[in-house]
Every structure is written in structure tokens, then in C-alpha cells.
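Chemist: I have a structure I would like to understand better, so I am pasting it below and will then ask my questions one at a time.
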Amino acid sequence: MEASELFKTLGELIKPGSVILGVMVLIQCLHKILDSSRVYKIKQLELLHNCMKDLSNIGSAYTIEKLLERTYKVHISYDQAMVMMAHPQRQKLFDLYKASYQYLTFYDGQFSLLPKYRSKQAICIEKHKYDLLKAFKYYGSSFVGAILFIIAFKVFYTAGLFKTLFFTFNIIWFIGCIVLGSFLLLLAIKSLIDPTNIKHTQKFLEHFDNGKVTRKVTWAY
Numbered sequence: 016m017e018a019s020e021l022f023k024t025l026g027e028l029i030k031p032g033s034v035i036l037g038v039m040v041l042i043q044c045l046h047k048i049l050d051s052s053r054v055y056k057i058k059q060l061e062l063l064h065n066c067m068k069d070l071s072n073i074g075s076a077y078t079i080e081k082l083l084e085r086t087y088k089v090h091i092s093y094d095q096a097m098v099m100m101a102h103p104q105r106q107k108l109f110d111l112y113k114a115s116y117q118y119l120t121f122y123d124g125q126f127s128l129l130p131k132y133r134s135k136q137a138i139c140i141e142k143h144k145y146d147l148l149k150a151f152k153y154y155g156s157s158f159v160g161a162i163l164f165i166i167a168f169k170v171f172y173t174a175g176l177f178k179t180l181f182f183t184f185n186i187i188w189f190i191g192c193i194v195l196g197s198f199l200l201l202l203a204i205k206s207l208i209d210p211t212n213i214k215h216t217q218k219f220l221e222h223f224d225n226g227k228v229t230r231k232v233t234w235a236y
């Protein structure tokens with residue numbers, strides 16, 4: 016067997032092993048990330064538990080708000096958080112809050128729809144209007160952002176970054192297109208993952224009204 020054929024054979028044998036090794040490394044990395052996230056959440060719960068044990072502490076309200084904000088990616092006021100924690104369906108309420116809060120009003124321990132959304136017609140109009148707005152933001156931003164990236168590379172990069180096509184060096188236009196295009200693409204992604212939906216607000220209120228309680232928050236371990 017010639018040397019070239021030997022190396023080729025060895026290469027064919029190594030390829031599957033490399034793929035398996037790569038997958039194993041990827042799995043290990045994902046496991047470490049998930050494990051770190053799990054530990055972080057446990058630490059947050061422990062800190063939240065400690066804050067709940069001493070609500071008279073002047074810093075407890077602020078700490079609770081910040082912990083919930085990190086967990087649910089939305090600011091929840093202390094008073095609202097206490098009402099939801101005392102509710103038997105607290106998990107559903109917290110999960111739906113981010114998609115619902117824009118349409119909610121809170122007074123005297125009670126959640127309700129904002130007055131202008133309290134008719135079926137207003138709810139229907141708002142749902143379709145917001146869905147249309149999100150679609151416009153997504154498609155408009157992603158389209159213009161992609162065009163800016165194409166212009167940056169096809170026009171200014173190809174012509175030479177330190178040459179001049181319009182008034183100043185191409186590198187200035189190139190950086191401007193990249194920055195603005197990146198901003199628009201981020202806006203498109205934000206619009207795509209935006210959970211806001213007035214129908215979720217209705218579900219939130221249904222869960223809230225179906226299990227109203229007037230007891231204080233208690234922790235059992």
C-alpha cells in the first residue's frame with residue numbers, strides 16, 4: 016500500500032471518531048451550561064426565601080423585585096409580586112405576566128384589564144393590530160437590515176475600505192451600514208420573540224379570578 020493510500024485510509028477512519036469526539040465535547044459543554052444555570056436558579060430561590068423570611072427589612076422589597084426581574088425578564092412591582100405569590104396558581108400568573116402586563120392595571124390587590132380594553136371588540140382589534148405591528152417590525156427591520164449588510168460588503172468593502180465613493184472613506188460608510196444593519200436585525204429578532212398578547216392577559220385574569228385568596232405568603236420546606 017502506498018503512503019498516500021495509507022494516509023487516506025487513516026483519514027477515513029479518523030473522521031467518524033472526530034465527529035463522535037466533537038459531539039461528546041458539545042454535550043459536555045451543554046451539560047455544564049445547564050448545570051450552572053440550575054445552580055444559579057437554586058441560589059436565586061435561596062436568596063428569595065431568605066428575603067421572604069424578613070419582609071420588614073428595608074432592602075427586602077428591592078431584592079425581591081430584582082430577583083423576579085432576572086427570573087422572568089420583566090419588572091414586577093413588590094405589591095404585585097406579593098399578591099401573585101399568595102395565589103394558588105402563582106406559577107401560571109408569573110409565567111403569563113410578561114405577555115400580559117402592558118394591558119393590566121393593578122389597584123388594591125386586584126388585577127384587571129385597562130378600561131379601554133374591556134370590550135370584546137376592543138380586545139379583537141388590539142390583538143390584530145399588535146400582531147400586524149409585530150409582523151411589520153420583523154419583516155421591515157430584517158429586510159432593511161439585510162440590504163444594509165449587502166451594501167456594506169458588495170459596495171464599500173469590494174471597492175476598498177480606504178477609497179472614497181461618497182464624500183468620505185468607504186470604511187465610514189461600511190461601519191455605519193454594519194452598525195445600523197445589526198441594530199435593525201436585533202429589532203427584528205426582538206419583534207419575533209415578543210410574547211405580548213392580549214389573549215394571554217385574558218388567561219392571566221382567568222387564573223387570577225379563579226383562585227383569589229386573602230392569605231399571606233407562606234413557605235413550606
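First residue of the sequence shown? That's 16 in the numbering used here, and the numbers climb one at a time after it. Even for Gly, the Cβ is constructed at its ideal location relative to N, Cα and C.
(1) Could you compute how far the alpha carbon of F184 sits from the alpha carbon of Q117?
(2) Would you decide whether A167 is buried or exposed? Buried here means 16 or more other CB atoms lie within 10 Å of its CB.
(3) What does DSSP give as the partner residue(s) for L128 in the beta ladder?
(4) When the cut-off is 8 angstroms and only beta carbons count, does A161 lie next to chain D?
(5) Measuring alpha carbon to alpha carbon, tell me which of R85, F182, G155 ends up nearest L257.
(6) How many Å lie between M100 and I162 at the Cα?
(7) Just tell me which of F121, T86, I79 has its CA closest to the CA of F219.
(8) Is the beta carbon of H102 sitting closer than 8 angstroms to the one on L108?
(9) Under a Cβ-count criterion, where at least 16 other Cβ atoms within 10 Å of its own Cβ denotes burial, should N212 be classed as buried or exposed?
(10) Apart from the five residues just before and just after Y145, which ones in its own chain have a Cβ nearer than 8 angstroms to its Cβ?
(11) Take E141 and list the residues in its own chain whose beta-carbon comes closer than 8 angstroms to its own, dropping the five residues that flank it on each side.
(12) For the region 157-197, which segments carrying the beta strand (DSSP E) assignment without a break, of at least 3 residues, lie completely within its bounds, in sequence order?
(13) Alpha carbon to alpha carbon, how far is F223 from G196?
(14) Out of curiosity, what's the CA-to-CA distance linking L148 and F158?
(15) Considering only residues of the same chain and omitting the five flanking positions on each side of F181, which have a CB-CB separation below 7 angstroms?
Modeler: Taking the definition as stated:
(1) 45 angstroms
(2) buried
(3) In the DSSP secondary-structure assignment, L128 is bridged to L119.
(4) Checking the listed chains, one finds no chain D in this structure; it contains a single protein chain.
(5) Shown here, the chain extends from 16 to 236; a query on residue 257 therefore has no answer.
(6) 47 angstroms
(7) F121
(8) yes
(9) buried
(10) T211, N212, I213
(11) Y118, Y132, I213
(12) Within the region 157-197, the complete beta strand (DSSP E) runs of at least 3 residues are 179-181.
(13) 42 angstroms
(14) 15 angstroms
(15) W188
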